[in-house]
Amino acid sequence: MKKVFFIALYCILIAAPFFSTPKGARRSLAEIDRLIQETEYDAALSALSDFIETYPERFDDVQRRSNRIFKTLDRYTATASQLVDTIENEPENGQKILAIIAKLESLKKNPTEQQLAFIHNARTAAQFTIYRKQLLAILQESADLARGGNYTGAVDKAQSGFFMYRDDFFREHTDASVTVPVRSALSYVDEKIAAYKALEDVLQDAFSSFADAVRLDDVESTQASFIAVQHAFNAFAEVRNSIYRLGYELSDMGQAIQAEKSATDALFLSFVSRCILGINTIADSGVAGALDYEWDALVKRMEDEIASILTQRVESFVYALSSGGFADVSAFPEQKDLSAILSFAEIGKSVDALYALCMELDNTPEESKFPNFAVSVDYAASLASRFSALLESGQTMAAERQNAFTLSEPSDYEKVEEGSEYTASLLAASERVKSTQSKISEDAFEQSPAAVAYLGAQHTEDADDEVIPFDNLVGAYRKYIQDAADFSRNTEIELWQRIASYYAACGASYVTARESDVAAIKALDGGKFDEEAGTTFRYPFEVTEAVRAFQKKLSENKAVLVSGRTMLARGENVDSYALLLQLIYISITKLDSLAPDVAAIGASALEQVKAAQRAKNEADLRYDQAQKALAANDFDEARRRLQESRTKYNESLSYQESEQLRSESDGRLASLGERIQTRQNESIVRRVRDIKTRARTEYYNGNFSRAESLLSQAKALWASTNIEEDEEIESLFALVGTALSLRTGRVLSPSAPLYPEMSQLLSIARQYFNEGQDLLKKGDEDEGRMLLAQALQKIQELQLVYPLNRTASLFALRIQQVLNPSGFATLFAERIKMAQANYKIPEKRQSAYTDLLDLHEIDPSYPGLAALIYETEIDLGIRRRPQDRTAIVKAASLTKRAQGIMETAGRDEVKLRSALSLVDEAISLDPNNDAALLLKDRIQIAIGGQTLIVLSSEDEAKYQKAVAALQDNNLVTANALVEELLQKSSNKNSSKIIDLQKKIRALL
0 MKKVFFIALY CILIAAPFFS TPKGARRSLA EIDRLIQETE YDAALSALSD
50 FIETYPERFD DVQRRSNRIF KTLDRYTATA SQLVDTIENE PENGQKILAI
100 IAKLESLKKN PTEQQLAFIH NARTAAQFTI YRKQLLAILQ ESADLARGGN
150 YTGAVDKAQS GFFMYRDDFF REHTDASVTV PVRSALSYVD EKIAAYKALE
200 DVLQDAFSSF ADAVRLDDVE STQASFIAVQ HAFNAFAEVR NSIYRLGYEL
250 SDMGQAIQAE KSATDALFLS FVSRCILGIN TIADSGVAGA LDYEWDALVK
300 RMEDEIASIL TQRVESFVYA LSSGGFADVS AFPEQKDLSA ILSFAEIGKS
350 VDALYALCME LDNTPEESKF PNFAVSVDYA ASLASRFSAL LESGQTMAAE
400 RQNAFTLSEP SDYEKVEEGS EYTASLLAAS ERVKSTQSKI SEDAFEQSPA
450 AVAYLGAQHT EDADDEVIPF DNLVGAYRKY IQDAADFSRN TEIELWQRIA
500 SYYAACGASY VTARESDVAA IKALDGGKFD EEAGTTFRYP FEVTEAVRAF
550 QKKLSENKAV LVSGRTMLAR GENVDSYALL LQLIYISITK LDSLAPDVAA
600 IGASALEQVK AAQRAKNEAD LRYDQAQKAL AANDFDEARR RLQESRTKYN
650 ESLSYQESEQ LRSESDGRLA SLGERIQTRQ NESIVRRVRD IKTRARTEYY
700 NGNFSRAESL LSQAKALWAS TNIEEDEEIE SLFALVGTAL SLRTGRVLSP
750 SAPLYPEMSQ LLSIARQYFN EGQDLLKKGD EDEGRMLLAQ ALQKIQELQL
800 VYPLNRTASL FALRIQQVLN PSGFATLFAE RIKMAQANYK IPEKRQSAYT
850 DLLDLHEIDP SYPGLAALIY ETEIDLGIRR RPQDRTAIVK AASLTKRAQG
900 IMETAGRDEV KLRSALSLVD EAISLDPNND AALLLKDRIQ IAIGGQTLIV
950 LSSEDEAKYQ KAVAALQDNN LVTANALVEE LLQKSSNKNS SKIIDLQKKI
1000 RALL
């Protein structure tokens, strides 16, 4: 194919004369000579052909000129043939080809288009050959300079090739859309090259400072100097990446132009991009190659420094290692060497990571040129970090053991949380030691990515990127791992033994404590004797609570022991604490044996608690009923229900002593009792006032018995809410009592036990009297007097039993008047004097007064007798003197004073009683003083009733004991209990205590 091509080229060159121009105007010989002179041979031959046709006679002139032309053409053909031969045989001899082309061009100035095209292609090929050789020489020299460390010289040399085809390119391309981007890129390349040259000293200085710091083994200085390295390499990378990018941009422009035009149109861009980027056949060539070579050289030198210091530090660390590190926390070596190894390794990684600044065209970072170094420092960092972690873990494990052994075993085994915390701390310490040891196991490290990569790199061979050996550090690391494993196992055994010892101690303590609890529960179940109350208080609720607490404690204790037993039984080293584990089993068995008896006590106590609650519920019900009865003014029902409530509350307290219930029930019942007392007292004061008024009326009407009956009602009614007697009632009673006492025995009541016998005596006496009086009238003195004497005898027999009997007394006086009419007047007068003297003697007052009444009935007109009876009745209190003005005024004054005191007294009982005393005095002075009577009622209502309706729970229990003692005829005990009750002032107002006291005293 190549031979055919060259033949074709030759034919084109020699065939040129036969491709003459078209015929035109005839030319003269002078014009033809000019054409020959101008090497327009085709035109000249054509003109000669035309000329010979016109001037055949001038054949010689034509022939001479034709020969000259053909000779020249022969030389042209020979030169063309030489060109073809040279192109064929010496294609790389561009200079010879260009010289032949110049000769051809001198022989013929206006060749044909085919000839011109051939010559142009030949010249282009020759120039490409020459420039290619120059390019290769430039790139080779630039690579050599870079390898020799003359990086800027290498760049300058590569930059010197930018001229090739430059002028041709810009001569051939005038379009701004093509030229402007190219000129801009070339200018930017020049700018970046200048920036690189300015950066070179900074880059070298940063490297030198870094290398010096590493050699000095100064981590901090190395880290500080590396910052300068990073800054310099950042700038270096920016220049390098920009030059790469510009080189590829120019290459892309050339390819784009080549795609649109001929291949020769983009040779400049192809050549200049190669000067920038270099070529694959010449390593480290071009501007970029020089920059990359310097980059690699600087990184390699820094990595060598790092590798050297790492080796030194590893040897120093291994030499300083102690084999007894786990014996004592303080025995662990200092980690400055490891820290330095780690620091320099990390710096080494950062050095190798500088390649990440170099960007590929796809904007991805370049890979490291020294991957084995990266693997080595990564392995060193990982191993140093793991060794550091191992030492720290060793210290941690030793510290964990030391801390665990300094923990104090809780003295109170009942504090489960403290115990749990203690055992958990020991267990956690064991687990942490074990976990720490497992995390640093040899297998885990050997399988780490850093170790796998390092081991893999050891099988590669690269003189410029050898792995850094760390065999001695690895050996030390493996030994420490084994030491850690041994220490972890021994520590675990010791800590588990401590845990087992604690649980065994817990078991012994729990058994002792629960046995003590059982004894306490049994004692509490027996009750507590209260010496002051003289009774045994029962506490079943507390017993149930104690039982629950015991059962809870028992459950907690068992849970602790069972948990400990289970945990210990599953331990890996159970043989080391088997005896302690057996003690725990024994303690659990003992605890189980305590439960049945306590459960039985708890069940019994629970029944008592329920009984106490039922009694309390019924007491609450009776209390509510008492409240309802009070609301309905049914005071008796209210009192009865209140007492029933007290009884039930006490029943509840007998089952279950409760200070709260005792206090609350005492308070509630006392409060309701006071309300009942107050409300009832208001009613009673009004009712008693009405009865007193009626009794007073009956008294003044002489109906003493009726008055007495009414006053008895008033007194009984008053006593239902008051302990102290009402002075007014007592005063009226005194009046009525006096009146009645004076009439006691005056009339023989049919209901009297001796009424039949006495009536018979009186009847016989009356018969004798009538018969004797008839005989006297008939003049039968003796017989008549005898019968009268018999009648008097019968009367005297009656008076032996009823000395004050009015009928007998009058009958005796009449008999005496009949028997001794002349001496009766003297007897009458003597009887009056005797009665007047006797009424002043208390024990004879009644008989004296009745004598006066009988004498007045015999002789109402006896002088002074009526007046004497009047005075006697006033003295005896049967009759009152007519009131004088002074008494009325004083009574009114006393009432007013009492009124004033009452209005300011409020609830002050002392003041109220002072007012009551004044008003009682006023009533005694003026019984008809209605204001005083009304005021007294108001004061008594304000004071309220004093009767204690319900006793406190404690006093009620003592009262019931006193009643039981009385029923058992144990009068001394009953009396002692009553006296003890009456020591409390409030109990002195309890009617039932006072009544019981009266019964006891009556029997003593």
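First residue of the sequence shown? That's 0 in numbering that gives the first Met the number 0, and the numbers climb one at a time after it. Note that the Cβ used here is the ideal one computed from N, Cα and C, for glycine as well.
Closest by C-alpha distance to residue i, when choosing among the options
i              : options                        : result
glutamine 222  : Ile305, Met901, Ile690, Val517 : Ile305
serine 644     : Glu491, Gly474, Leu950, Arg244 : Leu950
isoleucine 728 : Leu932, Phe161, Thr543, Ser758 : Leu932
glutamate 724  : Tyr699, Val687, Leu249, Asn702 : Val687
glutamate 445  : Thr422, Ser65, Lys691, Ile480  : Ile480
serine 367     : Tyr378, Glu726, Val350         : Val350
glutamate 514  : Asp591, Glu650, Leu775, Ala449 : Asp591
lysine 348     : Cys357, Ala373, Gln334         : Ala373
tyrosine 378   : Asp954, Glu345, Glu530, Ala427 : Glu345
methionine 757 : Thr806, Tyr292, Glu673, Thr646 : Thr806
serine 913     : Ile242, Lys647, Glu391, Leu893 : Leu893
alanine 926    : Leu760, Glu656, Ala886         : Residue identity check: residue 926 is proline in the sequence provided, not alanine. Checking every option, the nearest Cα to that of proline 926 belongs to Ala886.
cysteine 357   : Tyr150, Gly563, Asn240         : Asn240
For residue i, the three-state DSSP class (helix, strand or coil)
i                 : result
phenylalanine 386 : helix
isoleucine 467    : coil
alanine 964       : helix
methionine 358    : strand
proline 364       : strand
isoleucine 993    : helix
lysine 777        : coil
phenylalanine 369 : coil
isoleucine 281    : strand
lysine 2          : Its pLDDT being 44, under 50, lysine 2 is placed unreliably in this model, and the coordinates cannot settle the point.
arginine 1000     : helix
asparagine 66     : helix
tyrosine 476      : helix
histidine 230     : helix
isoleucine 600    : helix
threonine 894     : helix
Distance, residue j Cα to residue i Cα
i              : j                 : result
isoleucine 256 : leucine 297       : 39 Å
glycine 526    : serine 554        : 26 Å
tyrosine 54    : glutamine 62      : 12 Å
glutamate 636  : alanine 628       : 6 Å
alanine 890    : asparagine 928    : 8 Å
glycine 701    : serine 989        : 36 Å
serine 1005    : aspartate 463     : Because the chain is modelled from 0 through 1003, residue 1005 falls outside the range shown and cannot be assessed.
glutamine 457  : phenylalanine 369 : 14 Å
asparagine 402 : serine 307        : 41 Å
arginine 685   : arginine 621      : 28 Å
lysine 521     : lysine 414        : 25 Å
glutamine 624  : alanine 631       : 11 Å
tryptophan 294 : serine 220        : 22 Å
glutamate 658  : glycine 506       : 37 Å
asparagine 233 : threonine 490     : 53 Å
leucine 995    : aspartate 967     : 14 Å
alanine 483    : valine 573        : 22 Å
arginine 146   : glutamine 139     : 11 Å
serine 186     : valine 238        : 14 Å
Sequence-distant residues of its chain with Cβ nearer than 7 Å to residue i (five each side left out)
i              : result
alanine 475    : Val317, Leu320
leucine 709    : Ile690, Arg693, Ala694, Glu697
threonine 20   : Confidence at threonine 20 is low in this model, with a pLDDT of 43, below 50, so the placement of that residue should be treated as unreliable; the coordinate-derived value is given next. Cβ within range, chain order: Asp41, Ala42, Ser45.
isoleucine 999 : Leu965, Leu970, Ala973, Asn974, Val977
Own chain residues within Cβ distance below 8 Å of residue i, not counting five before or after
i           : result
alanine 594 : Gln550, Leu553
Residues of its chain near residue i, where Cβ-Cβ distance is below 6 Å and the 5 sequence neighbours each way are ignored
i           : result
alanine 205 : Ala227, Val228, Ala231
Every unbroken alpha helix (DSSP H) inside the segment 901–935 [4 residues or more]: Taken in chain order, the whole alpha helix (DSSP H) runs of length 4 or more contained in the segment 901–935 are 908–924.
Quick one: which unbroken alpha helix (DSSP H) runs of 4-plus residues sit fully inside the segment 509–596? Chain order, please. For the segment 509–596, the full-length alpha helix (DSSP H) segments reaching 4 residues or more read 539–568 along the chain.
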